[in-house]
Amino acid sequence: MLTLHCPCCGIQADETELAPGGQAHLTRHGPGSSDEDFHDYLFTRANPRGVHFERWRHAAGCGKWFHAARDTQTLEVFGTYAAQTLAPPQHIRDAITERRPDWTWHASGRATE
Amino acid sequence: MSTRLAPNTPGVGRLIDRSKQQNFTFNGKRLTGHAGDTLASALLANDQVLVGRSFKYHRPRGVVASGAEEPNALVGLGTGNRFEPNQRATTTELYDGLTARSQNHWPSLDFDIGAVNSAFANFLPAGFYYKTFMAPRPFWKHVYEPFIRRSAGLGKAPDPDARDPDSYEHFHAHVDVLVIGGGIAGLEAARRAGEAGARVLLVEQSAHWGGRAPVDGGEVEGHSTEAHVSQLLAALEAMENVTLRARCMGAGVYDHGYVLAYERLTDHAPALKGPRHRLWRIRAGQVITATGAIERPLSFSGNDVPGVMLASAVRDYVVNWAVSPGDRTVIVTNNDDAYRTALVLRRAGLAVPAIIDARVLPADSPLMAEVRAAGIRILQGHAVDHVMGGKRVRGVAICSHAGEGGAVIEEIPCEAVAMSGGWSPVVHLWSHCGGKLTWDETRAMFRPDPDRAPTGDKGQPFVVAAGAANGALTLGEVLEDAVAAAERATARPRTSDAPQAVAQEEAPLAPVWMMPQGASIHHRAKAWLDYQNDVKVSDVQLAAREGFTSVEHAKRYTTLGMATDQGKLSNINGLAILSGALGNGIPEVGTTTFRPPYTPISMGAIAGAAVGDTFQPIRRTPIHDWLEENGAEWEPVGQWRRPYTIKRPGETTEEAVQREVTNTRENLGLLDASTLGKLIVKGPDAGRFLDMMYTNMMSNLKPGRCRYGLMCNENGFLMDDGVVARIDEDTFLCHTTSGGADHIHQHMEDWLQCEWWDWQVYVANVTEQYGQIAVVGPNARKVLEAIGGIDVGKEALPFMGWVEGELGGIPVRIYRISFSGELSFEIAVKAGLARHLWDLLLTVGKQFGVMPYGTEALHIMRAEKGFIMIGDETDGTVIPQDLGLNWAISKKKEDFLGKRAQQRLDMARADRWKLVGLETVDGSVLPDGAYALGEGENANGQRNVIGRVTSSYHSPTLGHGIAMGLVLGGPDRMGEVISFAKGDGTTTIEAKITDPVFYDKAGEKQDV
Amino acid sequence: MSEGLAHVVSPLNGARFDGLISVREMAPQGMITLRGDLAAPAIKNAATGVGGHDMPGQRQASGDADRAILWMSPDELLLLLPYAEVPGAVASIGKLLEGSHALVADVSDARTGFELRGEGLREVLAKLAPADLSPGALPVGEVRRTRLGQVPAAFWLKSEASAQVICFRSVARYVFDQFRRAAQPGSTVGFF
């Protein structure tokens, strides 16, 4: 039962107010894309034990989507940020590195440790 | 015998009020107790030493403990609708009129035939069930299971027709510091946290504050512990920022400081109004677990004979409830604490023939000296060889602890045995959310490892153990630890020293896991570890020999710790035995996982308000009440209720449906279509956005016009359909399926917020703003003209157009769309006026033969027309092309959701099942979902299938069964007859493949 | 509109329950959803013009018994006004916002309102909502969008003894029945 801070309305929201939306920062592949790219876009997801980026919606609250960076093992939340981003913003990356010095951002969303 | 001590006995009965007598029954026998008694103390006061039979061997069992850890004294409480099995007598507060029954015996508690199992104990060893359920296979169900079910088990499940008449509720609380446990440590920690300004909630599972301290004695700041507890309580009650809750158990600790606490409001006084239980759903910044410790039994032969109790429990019964467990109590121990029990018994005028101490100490400890001075005999280095007696203790046989038993030195007659194997901190709540333990060799206990506490949302530790729960056992240690815990939880240093405590110093304990230390198999097979699941020392040793070396495996193999008490008394002794058998250290063997709840909580509390009419939200349309009053047979559509049909008196459901279809086709039908989703999509990019959402083109729709559209997800599969109306240049109104509105609204918001956030589009869900009434049938126009106000003629309002205006003075928007193939107007009206319009249509429609119809008539009419239904023709694997809907897939658009997916190889496969109509050869109705049979069998020996029925009805219009289905190569097989399997698996039903449009293929009727 | 207005009904016809607190379904209330850039002067003017009060800050309600503006999300306001004034207000906002990107929708009938009265209202709400309802976390005048049992709802306190709740129309009965349970006599918690 997590709590996440909704960056859109400022509420520290109980998990029961939220709806999960899976991995964040996927790149959409549409018509014209290769079979491999499209397959990855549809089906391939990171499943790390550790740092992960997720989409959440404040479903029973302001209704807005936002992103969360958290550790799937310890459930530590490094921060939440706007959904209107293609990659985690610098302050989120800094917050993660402060707690997980070995972590670096890879566009695939997968951490290397 | 066990009895109530006389009123003038010094220092006993602190919790009972002798002036208030309470009557209760046990197995139908009328007994009396006092206000403040627990059921256990009242039973003991009435010499009811035998309280139940054991799980496997039906051995006589008595009360062992005085609190939540009690394994034996489980009873069925109450009768009828309020009957509850497996209630612990030790935590059940007595009230006038209480009814209790013992469990797991036949024909009676005193004489139980099942006790014969005990004679076969050698045949019921560890892993008995696994070994038994091997062969022959038919015996599983018909021989072994009925036998085991009858002879084993705890309480009976309540009558399946019983309905709980009580109410329950949840309560959400957010606090800075939650303190679990209202003993002296919890009280001290709560006071410190309160003084530091934190918002504090303190919960205590029992009805009393102070925990063991008032019974165990000692002095704090020159006062008795009892007086000190009162002072602490008064201080806490005076604090605005502190909430105190007795009868409220911390049940479970979860992620990010989420904690469940279980408050029992009326169990002790059923006449009270209000909810019976309350489940507190707490978010705490920090949790202090001041949950105390539980005394361990000693494993000696006959340690389960009624009258053998924990030494601390004996003390509790004497001091708290003025109950003597017997005139003579022998004490067996490996530590000093049990000596307090001797002193308490002696002060109450009871005999302690001997203290049998497994230790040999170089010199007397202060407690020992005090006991010796009181003239009590101490036998050091000795052990209980076995307990004498069957249904109650008659005495103990003593041997040397160093030996293997059998060489009895002396037999001491007694009525009770008080045993103490040391103390185990209650680490359950610490452990629930990942707190780790460390083995304390000196104290022989697992205690919380403060460096490996559960962590919260910022990675911070959020649980702090305090007092005995943290391994502190002496009064001074406990208080100091509580102050330290409050410091950590509030991140504020102490402003004053911990209270000064005076208590006797204790000599260290000597771990004793088996008594005597080399006990023979004969002794071990009667030395119980888990009383509730009947697991003995010999069972655990057998498991180890058979290779169950992991503590988690051994637990499941032997069922040690798997009963309702979850091994509160047995776990540490059990794993110590396992570690001995394996030759590994106790910390290497480790503990099993502690899982919530700490003790069982009621299903009612978990459900809270989600019962009866608030079990789940039922969504009601503005016409709901009319339908309810006029014979609606309800059908759930998502959370909505829609009428399947509106039955008239004397009609069968089928007759009603056929009548509704026929009347709508011939005269005039009314449908409450309010559940249709309605989304406003507005903005300069609205057209472009809808072109992405729908497979067909929406951006070129003209204002004033409607268009049917299909929505696919990115996998290419159909997810929704509906009619889109263009309201003006940058505003569209999208209709979704019933029950699909919220989902599609969120789907749109998802793409707008997370993918195309630079597009200028806003969406609003106005589903519930409007009631929607479909006016359908040849007389549809007539009734609207009779009401008047809007020109609904063919020119003013052509098919697939919409108009706005006032119908009979009611502002409406009318869409000329048809889901039935008839002339049809769907009227959107403000929800607050929908009933008014409905009534008006019924009144004015009378002359035109008006009749409301339900969803089944709607389904039949749409099937007659070959219209698909999301959820019938689609199941999440169907693409529009499968349904012959290629006409609704734009070829001009570069992109739309699902376009790329529909180009994948699998989607373009020639052998995909495709939509066709099906007409049975004999006119009967195909079973919904039936499979079409192909040739041969698949690899699993199942018949190959070549299609399935997706919708099937009896068509009153055509007079025979019609269906739609997905069939391999279907559209190319028109006229072919194929076989469908009936539900019985043998008979088949033949059907001809046809066009899915059965009725008015040219679509003339809807376009008049 | 005049003929129609007389027939407008709320879903529960003004149902009422008295227990720990009193719960009353309110008469039909005018509600307008306004979505747009809340920082844009045109939106502000339209909102304050119809709402009759200042622009609310994040999660705030500004207004009185007749009229109010509620902050619902970063791009959404809910305007409360007398029911009969809605059509006119929608039209005039439409005019004011001509040319700007915004959405205005009458949602008066899509929702229903409840008025809670009594000292125990925080407690009754806390039985149903996972939100922190202590005075420090939810001061008077702040709108909390959350869930009540299994449905979304919004509420705000007008004073310590008076609150307004808005939920969807279709679940009005469910919400009311939940309040009846939560406010049953004998169920005082005594937490706040």
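Respectively, the protein sequence lines represent chains U, G and V.
Here the first sequence stands for residues 259 to 371, where the numbers follow this note's numbering.
Here the second sequence stands for residues 294 to 1301, where the numbers follow this note's numbering.
Here the third sequence stands for residues 35 to 226, where the numbers follow this note's numbering.
Note that CB positions come from ideal geometry on N, CA and C, so glycine has one too.
> Under a three-way DSSP split, which group does residue 764/G fall into?
Replying inline: coil
> Is residue 1156/G buried or exposed, if buried means 16 or more other CB atoms sit within 10 Å of its CB?
Replying inline: buried
> Should residue 881/G be labelled buried (16 or more other beta-carbon atoms within 10 Å of its own) or exposed?
Replying inline: exposed
>> Can you pull the chain G neighbours of residue 323/U, defined as C-beta to C-beta under 9 Å?
In response: 1042, 1043, 1046, 1047
>> Under 7 Å, CB to CB, which of the residues in the segment 985–1008 of chain G have a partner in chain U?
In response: 1007, 1008
> If you run the structure through DSSP and keep just helix, strand and coil, what is residue 596/G?
Replying inline: coil
> First and last residue of the beta strand (DSSP E) that includes residue 313/G?
Replying inline: 310–319
>> I need the DSSP call for residue 650/G, collapsed to helix, strand or coil.
In response: strand
> residue 203/V: buried (16+ other C-beta within 10 angstroms of its C-beta) or exposed?
Replying inline: buried
>> For the alpha helix (DSSP H) containing residue 805/G, name the first residue and the last one.
In response: Taken as a continuous stretch (DSSP letters only), residue 805/G belongs to no alpha helix (DSSP H), as it is neither H nor E.
> What runs of the alpha helix (DSSP H), each 4 residues or longer, lie entirely inside the segment 811–886 of chain G?
Replying inline: Restricting attention to alpha helix (DSSP H) runs no shorter than 4 residues, the segment 811–886 of chain G encloses them at 814–817, 830–838, 844–851, 864–875, 879–882, ordered along the chain.
> Using the beta-carbon of each residue, which ones in chain V are nearer than 8 Å to residue 1083/G?
Replying inline: In chain order: nothing, as chain V lies at least about 14 Å away.
> Under a three-way DSSP split, which group does residue 359/U fall into?
Replying inline: coil
> Across which residues does DSSP place residue 717/G in a beta bridge pair?
Replying inline: Note: residue 717/G sits in a beta bridge opposite 587/G.
> DSSP on residue 368/U, reduced to helix/strand/coil?
Replying inline: Low confidence applies here, because residue 368/U scores a pLDDT of 40, under 50, leaving its location unreliable and the question unanswered by this model.
>> Tell me the rounded alpha-carbon separation between residue 344/G and residue 602/G.
In response: So the two alpha carbons sit approximately 13 Å from each other.
>> Please give me, in chain order, every unbroken run of the alpha helix (DSSP H) with length at least 4 that falls completely inside the segment 956–1018 of chain G.
In response: 979–986
> Within the 7 Å Cβ cut-off, does residue 1059/G reach chain V?
Replying inline: yes
>> Using C-beta distances below 6 Å, list every residue in its chain close to residue 42/V, excluding the 5 sequence neighbours before and after it, in chain order.
In response: 62
>> Within the continuous alpha helix (DSSP H) that includes residue 1027/G, where are the two ends?
In response: That residue, residue 1027/G, is in no alpha helix (DSSP H); its beta strand (DSSP E) goes 1024–1029.
> In terms of residues, what are the limits of the alpha helix (DSSP H) holding residue 1149/G?
Replying inline: 1148–1157
> By how many angstroms is the C-alpha of residue 1059/G removed from the C-alpha of residue 1014/G?
Replying inline: Rounded to the nearest angstrom, the two C-alpha atoms are 17 Å apart.
> Which one of 355/U, 326/U, 352/U has the shortest CA to CA distance from residue 342/U?
Replying inline: 326/U
> Can you name the residues of chain G whose CB is closer than 9 Å to the CB of residue 286/U?
Replying inline: At a C-beta separation below 9 Å, residue 286/U has these neighbours in chain G: 1007, 1048.
> What are the start and end residues of the beta strand (DSSP E) that includes residue 105/V?
Replying inline: It spans 102–107 - the beta strand (DSSP E) in which residue 105/V sits, taken as one unbroken run.
> Of all the CB atoms in chain U, is at least one closer than 7 Å to the CB of residue 258/V?
Replying inline: For chain V, the structure presents residues 35 to 226; residue 258/V sits outside this window and is missing.
>> On a Cα-Cα basis, can you pick out the residue from 874/G, 1096/G, 704/G, 454/G that is closest to residue 840/G?
In response: 874/G
> Taking all protein chains shown into account, do 16 or more other C-beta atoms lie within 10 angstroms of the C-beta of residue 825/G, making it buried, or fewer, making it exposed?
Replying inline: Note on residue 825/G: 16 or more other CB atoms within 10 angstroms of its CB, so buried under the neighbour-count rule.
> Under a Cβ-count criterion, where at least 16 other Cβ atoms within 10 Å of its own Cβ denotes burial, should residue 1131/G be classed as buried or exposed?
Replying inline: buried
> chain U partners of residue 107/V, CB-CB under 7 Å?
Replying inline: 266, 267, 320, 321, 322
> Any Cβ of chain U within less than 7 Å of the Cβ of residue 1192/G?
Replying inline: yes
> Using the beta-carbon of each residue, which ones in chain A are nearer than 9 Å to residue 548/G?
Replying inline: In the displayed structure, chain A is absent; the protein chains listed are U, G and V.
> What is the residue span of the beta strand (DSSP E) that residue 464/G lies within?
Replying inline: 461–473
>> Please list, in chain order, the residues of the segment 947–978 of chain G that have any C-beta partner in chain V closer than 8 Å.
In response: Of all residues in the segment 947–978 of chain G, those with a C-beta nearer than 8 Å to a C-beta of chain V are 973, 975, 976, 977, reading in chain order.
> residue 175/V to residue 575/G, Cα distance in whole Å?
Replying inline: 25 Å
>> Can you check whether the C-beta of residue 398/G is within less than 7 Å of a C-beta belonging to chain V?
In response: Not a single CB atom of chain V sits nearer than 7 Å to the CB of residue 398/G.
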